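Residue numbers (numbering that gives the first Met the number 0): 0 to 704. By construction, the Cβ of each residue, glycine as well, lies at the ideal position given by its N, Cα and C atoms. Owing to the predicted nature of the structure, the values given are computational and were not obtained by experimental measurement. Everything on this sheet refers to the single structure shown next.
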Amino acid sequence: MAPTLPPSRQASYSLKDGDSFLVCDARGDIHGGDEADGLFHDGTRALSRLRLSLDGTAPTLLSAAIAQDRVVFSAHLTNRPLPPIGGSAAGQGVIHVSRSRFLWQGRLHERITCTNYDRVPVSVPLVLEFAADFRDMFEVRGMERARRGSYPQAEARGDRVVLHYDGLDGVSRRTVLAFSAAPTVLDHGMARFECRLAPRESFELYMEVGADAGEPSAARHRRAMVHARRALRARRRSGARLHGGGLLFDAWVERSRTDIALLASDLPSGRYPYAGIPWFSTPFGRDAIVTALQTLWLDPDLARGVLAYLAERQAAEDSSFRDSAPGKIMHEARKGEMAALGEVPFGLYYGGVDTTPLFVLLAGRYLRRTGDRAFIDRLWPALERAIGWIERSCDADPDGLLAYARGEASGLSNQGWKDSEDSVFHADGSLPQGPVALVEVQGYVYEALLAMAMLARGRGAHDAARAWEARAGRLRETVESRFWDPDLEFYALARDGTGRMCRVLASNPGHLLYVGLPAPERAAHVIAQLGSPRFDNGWGVRTLATDQPRYNPMSYHNGSVWPHDVALCAAGMARYGARRQATRLLGEVFEAATHFDMRLPELFCGFPRSAGEPPIAYPVACMPQAWSAGAVFMLLHACLGVEVDAVEGRILIDHPQLPPGVERLRVDALEVGGARVDLAFERVGDRVLAARAAGPDDVQVVVRL
Numbered sequence: 000m001a002p003t004l005p006p007s008r009q010a011s012y013s014l015k016d017g018d019s020f021l022v023c024d025a026r027g028d029i030h031g032g033d034e035a036d037g038l039f040h041d042g043t044r045a046l047s048r049l050r051l052s053l054d055g056t057a058p059t060l061l062s063a064a065i066a067q068d069r070v071v072f073s074a075h076l077t078n079r080p081l082p083p084i085g086g087s088a089a090g091q092g093v094i095h096v097s098r099s100r101f102l103w104q105g106r107l108h109e110r111i112t113c114t115n116y117d118r119v120p121v122s123v124p125l126v127l128e129f130a131a132d133f134r135d136m137f138e139v140r141g142m143e144r145a146r147r148g149s150y151p152q153a154e155a156r157g158d159r160v161v162l163h164y165d166g167l168d169g170v171s172r173r174t175v176l177a178f179s180a181a182p183t184v185l186d187h188g189m190a191r192f193e194c195r196l197a198p199r200e201s202f203e204l205y206m207e208v209g210a211d212a213g214e215p216s217a218a219r220h221r222r223a224m225v226h227a228r229r230a231l232r233a234r235r236r237s238g239a240r241l242h243g244g245g246l247l248f249d250a251w252v253e254r255s256r257t258d259i260a261l262l263a264s265d266l267p268s269g270r271y272p273y274a275g276i277p278w279f280s281t282p283f284g285r286d287a288i289v290t291a292l293q294t295l296w297l298d299p300d301l302a303r304g305v306l307a308y309l310a311e312r313q314a315a316e317d318s319s320f321r322d323s324a325p326g327k328i329m330h331e332a333r334k335g336e337m338a339a340l341g342e343v344p345f346g347l348y349y350g351g352v353d354t355t356p357l358f359v360l361l362a363g364r365y366l367r368r369t370g371d372r373a374f375i376d377r378l379w380p381a382l383e384r385a386i387g388w389i390e391r392s393c394d395a396d397p398d399g400l401l402a403y404a405r406g407e408a409s410g411l412s413n414q415g416w417k418d419s420e421d422s423v424f425h426a427d428g429s430l431p432q433g434p435v436a437l438v439e440v441q442g443y444v445y446e447a448l449l450a451m452a453m454l455a456r457g458r459g460a461h462d463a464a465r466a467w468e469a470r471a472g473r474l475r476e477t478v479e480s481r482f483w484d485p486d487l488e489f490y491a492l493a494r495d496g497t498g499r500m501c502r503v504l505a506s507n508p509g510h511l512l513y514v515g516l517p518a519p520e521r522a523a524h525v526i527a528q529l530g531s532p533r534f535d536n537g538w539g540v541r542t543l544a545t546d547q548p549r550y551n552p553m554s555y556h557n558g559s560v561w562p563h564d565v566a567l568c569a570a571g572m573a574r575y576g577a578r579r580q581a582t583r584l585l586g587e588v589f590e591a592a593t594h595f596d597m598r599l600p601e602l603f604c605g606f607p608r609s610a611g612e613p614p615i616a617y618p619v620a621c622m623p624q625a626w627s628a629g630a631v632f633m634l635l636h637a638c639l640g641v642e643v644d645a646v647e648g649r650i651l652i653d654h655p656q657l658p659p660g661v662e663r664l665r666v667d668a669l670e671v672g673g674a675r676v677d678l679a680f681e682r683v684g685d686r687v688l689a690a691r692a693a694g695p696d697d698v699q700v701v702v703r704l
């Protein structure tokens, strides 16, 4: 669902920990209002204003950055001329103000340091303005509410202030701002500190913001920072390591790895990657499954956490409001006031037609990657319920396809990954009548059926395995007969509720390649078209070809470039032997990443690449976004041709390629059945050689050059 455009603002910086995240500007300020910044917790904006000034004058920005480990934000500022207080005015640029902040366990920890570099004593009037509007994330995104809760009187005393909101959901929310020193003036919206500084003297202020009172101090600040950094470092260390590709390429890999660690929350069921900041910092089903698939070859532990979490939240009842039915896997979970009241259905929402087959698909790939039958055995009842919903839904469709139609107007009108209202349409641009059967969803169902057959056979259920294999075969025949369009030499985007095909050239059939459904000769046509200028804009594959109705390179889904979509298309190309085409796409996306500070956004505009110009940003794209961060790992997997089969205790490297400009690459500590193997890749002439660099001999490494 495309987010609403807020007013333009300067570059933002974001931090995340668990169910809390913060978005601020380069000065460290939060402006609130209709801006998408603030300190958010459980889907509610707990701090909507935090502005630092020197006697009401905003300081000049020197620099701003988030540390390489993505934990600590810092801003360096200096004063404009200060008014005289009992003496001469301080000149410009003599007061250095530094702000350093991080999140830990639902709290914002901040240190503000003012240092006098003038040769005479200076009075520094440090002012912090603050507010908490307690707006739900959906309100921040632009949704109107008929009424809201109440705001009891704020409490300001001593070294802290408490801001209150009594929600319509019966929950009393509060934000406490506590300071390490009592302000000279403190009220419900402002704290003022009068600092008299001798030359080279510093004033240090610690502040904490959370739902309950803290006792901020230097020691407490340091301890919390150590814990925050240690927790993120532990998430970053999970899985195999990639290095040796050169400074820029390694920087992209490490930035992506760190962003996934940042977005991942340590839940009781395991690590779970939240979708993206700011709009989607919450569990999503589809996004997490795709991120787990992208990283599965390197770090299967993430997939385990995703599968466990989603199995716990599998639907058990029918609800048209939540688009749920027994066996479905959730699309989205939210914790805010509007979700609790049912003003939006997204508290626990199931309106994603593809999440359930992707759940089963991931389980099958997880077993092949890890050999972890004990976990799959525990997951088996959820898998049976999931495939049961898929089969019942397909049996109710005249073509035996998995289709969607929202239960109520409050739900998503389109329920595939392209879920904006105009992302599915006919060749004349008209919108289809439901139920809609998307082409890529049938591919997911195809592999889900084969996965269930494989898993069932491992449990000795051979009759069930044969039945699922037969059903997969029938579905494949249906897709090939109904969706293939010989005039387009491409698969149709969808079939609508009247049986009419949406004869549109979109990137969706690239996902069909990913699961291996198309016949080889048809796959070759799809690969050729996806690689043509009508799709490939030089930075990746557009979601829609340029000559199609509704094409708009600035749209959310109809002509933009989504890195995760490019990665799935490239993986599909590689599956059919087009590894060089996949490698070209990796090179294009890598070059795009260099223009986004090595952090790929959720999407960017689909304008053609122009010499000397960067890719054009989409104004409200989430960044970081989990499946954009994961794109590099799926793209590399497609290029290197590495397949890990822990059941067989084997690593297959099939016709490896390296991206342009990368001459060698190492994959270290690749876990296979409890053993760890290092792999080395190197370009020699026009070939890429691969070999085991270290690891036990009982893990077979097979290389096909």
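- The beta carbons of Ala197 and Pro120 sit closer together than 8 Å.
- Around the beta carbon of Tyr116, fewer than 16 other beta carbons lie within 10 angstroms, which makes this residue exposed.
- The beta carbon of Asp427 is closer than 8 Å to those of Pro548 in its chain, skipping five residues each way along the sequence.
- Put simply, the backbone Cα of Leu292 is about 14 Å away from that of Asp353.
- In this structure, Leu309 keeps its C-beta atom at 8 Å or more from the C-beta atom of Ala302.
- In the three-state reduction of the DSSP assignment, Pro124 falls in the strand class, which pools E and B.
- Asp36 and Gly673 have their C-alpha atoms some 44 Å from each other.
- The beta carbon of Ala263 lies closer than 6 Å to those of Arg234, Arg270, Pro272 in the same chain, with the five residues before and after it left out.
- When secondary structure is reduced to three states using DSSP, Leu261 falls in the helix class.
- In the DSSP annotation of this structure, the continuous segment of the alpha helix (DSSP H) that includes Tyr513 starts and ends at 508-513.
- Within the model, the alpha-carbon separation for Arg494 versus Gly684 is close to 47 Å.
- For the set Asp41, Ser52, Gly17, the Cα lying nearest the Cα of Ile29 is the one of Ser52.
- Beyond the five residues adjoining it in sequence on each side, Ser412 comes within less than 7 Å, by CB distance, of Arg405, Glu420 in the same chain, given in chain order.
- In the three-state reduction of the DSSP assignment, Trp483 falls in the strand class, which pools E and B.
- Using a Cβ-Cβ distance cut-off of 8 Å, the stretch 581-593 and the stretch 445-453 are not in contact, since fewer than three pairs of beta carbons, one from each stretch, lie closer than that value.
- Per the C-alpha coordinates, the member of Pro80, Gly209, Ala239 positioned closest to Leu107 is Gly209.
- For Thr77, DSSP records a beta bridge to Thr59, His95.
- By the Cβ-count criterion, Arg458 is exposed, with fewer than 16 other Cβ atoms from all chains shown falling within 10 Å of its own Cβ.
- For the stretch 218-294, the continuous alpha helix (DSSP H) assignments of 4+ residues that do not extend past its boundaries occur at 246-262, 284-294, in sequence order.
- Under the DSSP definition of a beta bridge, Phe345 lacks any partner.
- About 14 Å separates the CB atoms of Glu331 and Asp135; that is not less than 8 Å, and the two are not in contact.
- A residue is called buried when at least 16 other Cβ atoms come within 10 angstroms of its Cβ; Asp16 meets this threshold and is buried.
- For Gly648, there is no enclosing beta strand (DSSP E), since its DSSP letter is neither H nor E.
- The C-alpha of Asp211 lies about 26 Å from the C-alpha of Asp33.
- If you draw a straight line from the Cα of Ala544 to the Cα of Asp667, it comes to about 39 Å.
- The residue among Leu176, Arg199, Glu200 with its C-alpha nearest the C-alpha of Met189 is Leu176.
- Residue state for Cys113 is assigned as strand, using DSSP reduced to three classes.
- Put simply, the stretch 191-205 does not touch the stretch 631-642. Fewer than three CB pairs are less than 8 Å apart.
- Comparing alpha-carbon positions, the option among Pro182, Asp322, Val359 lying closest to Ala452 turns out to be Val359.
- The beta carbon of Ser559 sits closer than 8 Å to the beta carbons of Arg541, Thr542, Pro552, Met553, Leu602, Phe603, Cys604, Gly605, Tyr617 from its chain, once the five residues preceding and following it are set aside; these are given in chain order.
- Spanning the alpha carbons of His163 and His187 requires a straight line of approximately 10 Å.
- Here the alpha carbon of Glu681 sits roughly 15 Å from the alpha carbon of Asp249.
- By the beta-carbon neighbour count (other beta carbons within 10 angstroms, threshold 16), Gly213 is buried.
- With distances taken between CA atoms, Gly304 lies nearest to Thr290 out of His594, Glu316, Thr290.
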